[in-house]
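**Q**
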Amino acid sequence: MNITITGMSVDGHSVPVPHGLSELINAAGAWGIRKEKSAITKKYDRRVEKRGEHFVTVLTLKEG
Numbered sequence: 039m040n041i042t043i044t045g046m047s048v049d050g051h052s053v054p055v056p057h058g059l060s061e062l063i064n065a066a067g068a069w070g071i072r073k074e075k076s077a078i079t080k081k082y083d084r085r086v087e088k089r090g091e092h093f094v095t096v097l098t099l100k101e102g
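FYI, in this note's numbering the residues of the sequence shown are 39 to 102.
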């Protein structure tokens, strides 16, 4: 799936779309829905915590 970014706004102000932004986002695979969970999310519960100035991902092995 390819998406074209046609407009942007920041804090209510319209800003021009940088040349190549749509291509960059599409190439990174940032759009769309993943069809299958990765192997790690099947085995672990995932939680994000803020510790001081940083965000940390905590993975806990599922029982089973």
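Think of the CB as a built atom: it goes at the ideal place given N, C-alpha and C, for glycine as much as any other residue.
All figures in this text were calculated on a predicted structure; none of them were measured in a lab.
Suppose you measure from the CA of residue 47 to the CA of residue 63; what does that come to, to the nearest Å?
**A** When rounded, the distance between both Cα atoms is 17 Å.
**Q** So residue 52 and residue 58 are supposed to be a Cβ contact under 8 Å. How far apart are they, rounded?
**A** About 19 Å separates the two Cβ atoms, so there is no contact after all.
**Q** Could you check where the alpha helix (DSSP H) with residue 101 kicks off and where it finishes?
**A** Note, residue 101: premise wrong, no alpha helix (DSSP H); not H, not E.
**Q** From residue 100 to residue 87, what distance separates their C-alpha atoms?
**A** The alpha-carbon atoms of residue 100 and residue 87 are separated by roughly 18 Å.
**Q** If you reduce the DSSP assignment to three classes, tell me which class residue 87 lands in.
**A** In this structure, residue 87 counts as strand in the three-state DSSP scheme.
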